[in-house]
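A.B. asks: In my numbering, the protein residues as written are 4 to 420. No residue lacks a Cβ here, since even glycine has one placed at the ideal position from N, Cα and C. Since the structure is predicted, the reported quantities are computational estimates derived from the model, not experimental observations.
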Ligand code: UD1
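1) Have a look at the DSSP bridge pairing and note the partners of residue 229.
2) Is it true that the CB of residue 205 sits closer than 9 angstroms to the CB of residue 2?
3) What alpha helix (DSSP H) runs, 4 residues minimum, are completely inside the stretch 188–256?
4) Assign residue 93 to one of three DSSP states: helix, strand, or coil.
5) Helix, strand or coil for residue 171, going by three-state DSSP, please let me know.
6) For residue 125, which option in 100, 95, 104, 106 has the closest C-alpha, if you only look at C-alpha atoms?
7) Please report how far the alpha carbon of residue 233 lies from the alpha carbon of residue 202, in whole angstroms.
8) Closest by CA to residue 138, which one among 159, 256, 110, 162?
9) Check whether the Cβ atoms of residue 324 and residue 346 lie closer than 9 angstroms to each other.
10) Can you tell me whether residue 48 sits near ligand 1, meaning its C-beta is under 8 angstroms from at least one heavy atom of the ligand?
11) Drop a sphere of 10 angstroms on the beta-carbon of residue 54, count the other beta-carbons inside from all chains shown, and report buried for 16 or more, exposed for fewer.
12) Can you tell me which of 400, 61, 303 puts its alpha carbon nearest to the alpha carbon of residue 86?
13) Using only CA atoms, which one of 278, 183, 275, 84 lies nearest to residue 108?
14) Given that a residue counts as buried once 16 or more other Cβ atoms are within 10 Å of its Cβ, and exposed if not, what is residue 278?
15) Heavy atom of ligand 1 less than 8 angstroms from the Cβ of residue 312, yes or no?
16) At a threshold of 8 angstroms, does residue 168 count as lining ligand 1 (C-beta to nearest heavy atom)?
17) DSSP beta-bridge partners for residue 283?
18) When every heavy atom of ligand 1 is checked, does at least one fall within less than 8 angstroms of the C-beta of residue 105?
19) Kindly provide the ranges of any beta strand (DSSP E) runs that are 3 or more residues long and lie completely inside the stretch 4–60, ordered along the chain.
20) Beta carbon of residue 60: closer than 8 angstroms to some heavy atom of ligand 1?
21) Measuring only the C-alpha atoms, how far is residue 148 from residue 33?
22) With respect to 8 angstroms, is the separation between the Cβ of residue 95 and the closest non-hydrogen atom of ligand 1 below this value?
23) Let me check understanding here. Comparing Cα to Cα, which of 399, 385, 180 lies closest to residue 247?
24) Tell me whether residue 165, by its Cβ, gets closer than 8 angstroms to a heavy atom of ligand 1.
25) Alpha carbon to alpha carbon, how far is residue 221 from residue 212?
26) Residue 266 and residue 314: beta carbons closer than 9 angstroms?
27) Please indicate yes or no: does the CB of residue 25 lie closer than 8 angstroms to some heavy atom of ligand 1?
28) Am I right that residue 208 and residue 181 are in contact with their C-beta atoms under 8 angstroms? What's the rounded C-beta distance?
29) What I want to know is whether the C-beta of residue 193 ends up closer than 8 angstroms to one or more non-hydrogen atoms of ligand 1.
30) Which residue from 254, 230, 307, 218 puts its Cα closest to that of residue 262?
31) How about residue 129: is its Cβ closer than 8 angstroms to a heavy atom in ligand 1?
32) On a CA-only basis, which of 354, 200, 389, 397 is nearest residue 44? Give me that one, please.
33) Counting only runs that start and end within the stretch 294–328, where is the alpha helix (DSSP H) found for 4 or more residues in a row?
34) Compare the beta carbon distance of residue 113 and residue 146 with 9 angstroms and say whether it is the shorter of the two.
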């Protein structure tokens, strides 16, 4: 297993292209299960979670080919409805296949995805919604069996929390259900808009994606489509954080800048300048960031929980103290102990972290605790004096196609060994 080695304090400069979005492509891959035909998923990032999704598709009976950044999926012969235990465990978001499999086959069997490194990750909202669409649910030996002998039927669903995954699962289950489904208080993340765009190209009738009420008129069947996946806003935010901690100036290309408003506004307060040119964004950071007023992670369009770790890492050398409140996940601060190894002054109590900026941090041996926590270590290492070694980088590879390549292009002294 390889490690990442960073020699800190190189100022980032230059341009970087942003990969396709992990959180958009995973539900889109699940959505291919519903189509009776071939889909071309372009701008598909090469990530371990994508490879795990392909294994699930193949196990269900689809034919897949992943070349360059195009994933071709032929779902014509899908007939299996069970996702085996080992594949469910390989990827936490495998529960996204649920709605699509029931929609396609009338049944689905998955093992309970259980917890993850960010704390418990229940799927009670998904299950409740699928029940209200007419699925019956049986749980045994850690497996959950869903069936809908007479097919799913549209219904009115009010989510008690705008969960991203539950919203996606409901959309997936309802596109081929009989009649109309209305989902209220749904998540408004841009990745949901991307999923709906793909499904509508396949022949689905979804309205309102990106708003808090989504309406789906069921159709008999879906075709395949040729689709280009949206850029990854969390990867873009990671490179903003990386530029920010090194006092750098970089051009981030192939993004939708509007999706980054909450990030841009925090970094403006920290002293960065931004220039938006169409689908590119130039970030120009001061030598040292300012502390900012309290940042709270919230559902979109609020500050994304996934960008919190990289923001905190970049503020470790800021002037002053910043409070960060994590409102989405229970156990998201495990990487903080690793940042402390670099000398960072951060205290955590419950869902609140206080970052007291210091003049200098130094390289250390650290372990990636999770995907974004791992990215935070990379950001912090860029601003630390001396050498940092980051282990367990398989977490980082779940979401970054090649963070070492991208940051090297920008002038960082970083390598994978
Ligand atoms: C998705 C993203 C993840 C991001 C998160 C929040 C993907 C593949 N992952 O995860 O990167 O951090 O949105 O923006 O898109 N919850 C329940 N019951 C449920 C469902 C969720 O209690 O049935 C809770 C979760 O435990 C969590 C919160 O709701 O505390 C948010 O979860 P959710 O919005 O569902 O996130 P995911 O779809 O899992």
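C.D. replies: Taking the structure as given:
1) In the chain shown, counting from the first residue as 1, residue 229 sits at position 226. 43, per the DSSP bridge assignment.
2) Nothing about residue 2 can be read from this structure; the chain reaches only from 4 to 420.
3) 193–204, 236–248
4) Along the chain shown, one-based indexing puts residue 93 at 90. Looking at residue 93 - three-state DSSP - the assignment turns out to be helix.
5) By 1-based counting over the chain shown, the position of residue 171 is 168. Helix, per DSSP.
6) Numbered from its first residue, the chain shown carries residue 125 at position 122. It is 95.
7) Numbered from 1 along the chain shown, position 230 holds the residue referred to as residue 233. Numbered from 1 along the chain shown, position 199 holds the residue referred to as residue 202. Taking the straight line from one Cα to the other gives about 14 angstroms.
8) Sequence index remark: in the chain shown, residue 138 carries index 135 (1-based). Residue 138 has its Cα closest to that of 110, out of 159, 256, 110, 162.
9) Reading the chain shown from its first residue, position 321 is the one you call residue 324. Reading the chain shown from its first residue, position 343 is the one you call residue 346. No; because the gap between Cβ atoms is not below 9 angstroms, this pair is not in contact.
10) By one-based count along the chain shown, residue 48 stands at place 45. Not so, every heavy atom of ligand 1 lies at least 8 angstroms from the Cβ.
11) If you number the chain shown from 1, residue 54 lands on position 51. With fewer than 16 other Cβ atoms within 10 Å, it is exposed.
12) As a position in the chain shown, residue 86 is number 83, starting the count at 1. The shortest C-alpha separation from residue 86 is found at 61.
13) Position 105 of the chain shown, counted from the first residue, corresponds to residue 108. Out of 278, 183, 275, 84, 84 has the C-alpha closest to the C-alpha of residue 108.
14) Counted from its first residue, the chain shown places residue 278 at position 275. Exposed, because fewer than 16 other Cβ atoms sit within 10 Å of the Cβ of residue 278.
15) For the purposes of this step, residue 312 is taken as residue 309 along the chain shown, with counting starting at 1. The answer is no for residue 312.
16) In the chain shown, the residue the question calls residue 168 occupies position 165. It does: the Cβ of residue 168 is within 8 angstroms (strictly closer) of some heavy atom of ligand 1.
17) Taking the chain shown and counting its residues from 1, one reaches residue 283 at position 280. Note: residue 283 sits in a beta bridge opposite 280.
18) Looking up residue 105 in the chain shown gives position 102. Not so, every heavy atom of ligand 1 lies at least 8 angstroms from the Cβ.
19) 7–10, 16–20, 41–45
20) Counting from one through the chain shown, the residue named residue 60 turns up at place 57. Flag unset: Cβ of residue 60 not near ligand 1.
21) Taking the chain shown and counting its residues from 1, one reaches residue 148 at position 145. Taking the chain shown and counting its residues from 1, one reaches residue 33 at position 30. Whole-angstrom Cα-Cα distance: 18 angstroms.
22) Within the chain shown, the letter at position 92 stands for residue 95. Checking every heavy atom of ligand 1 against the Cβ of residue 95, one is found closer than 8 angstroms.
23) The sequence position of residue 247 within the chain shown is 244, counting from 1. For residue 247, the nearest C-alpha among the options comes from 385.
24) Here residue 165 is taken as the residue at index 162 of the chain shown, counted from 1. Yes, the beta carbon of residue 165 sits closer than 8 angstroms to at least one heavy atom of ligand 1.
25) Locating residue 221 in the chain shown gives position 218, counting from the first residue. Locating residue 212 in the chain shown gives position 209, counting from the first residue. Whole-angstrom Cα-Cα distance: 15 angstroms.
26) Numbered from 1 along the chain shown, position 263 holds the residue referred to as residue 266. Numbered from 1 along the chain shown, position 311 holds the residue referred to as residue 314. Yes, they are a contact pair.
27) Numbered from 1 along the chain shown, position 22 holds the residue referred to as residue 25. Checking every heavy atom of ligand 1 against the Cβ of residue 25, one is found closer than 8 angstroms.
28) Translated into positions along the chain shown, residue 208 becomes position 205. Translated into positions along the chain shown, residue 181 becomes position 178. Contact doesn't hold; Cβ gap of about 13 angstroms is too wide.
29) The residue given as residue 193 occupies position 190 in the chain shown. No; taking the cut-off as 8 angstroms, the Cβ of residue 193 has no heavy atom of ligand 1 nearer than that.
30) One-based indexing of the chain shown puts residue 262 at position 259. Nearest option by C-alpha distance: 307.
31) The count along the chain shown starts at 1 and reaches residue 129 at position 126. Answer for residue 129: yes, Cβ within range of ligand 1.
32) Residue mapping note: residue 44 aligns to position 41 of the chain shown, counting from 1. Taking only the C-alpha atoms, the option nearest residue 44 is 200.
33) 311–318
34) Residue mapping note: residue 113 aligns to position 110 of the chain shown, counting from 1. Residue mapping note: residue 146 aligns to position 143 of the chain shown, counting from 1. Taking 9 angstroms as the Cβ cut-off, residue 113 and residue 146 qualify as a contacting pair.
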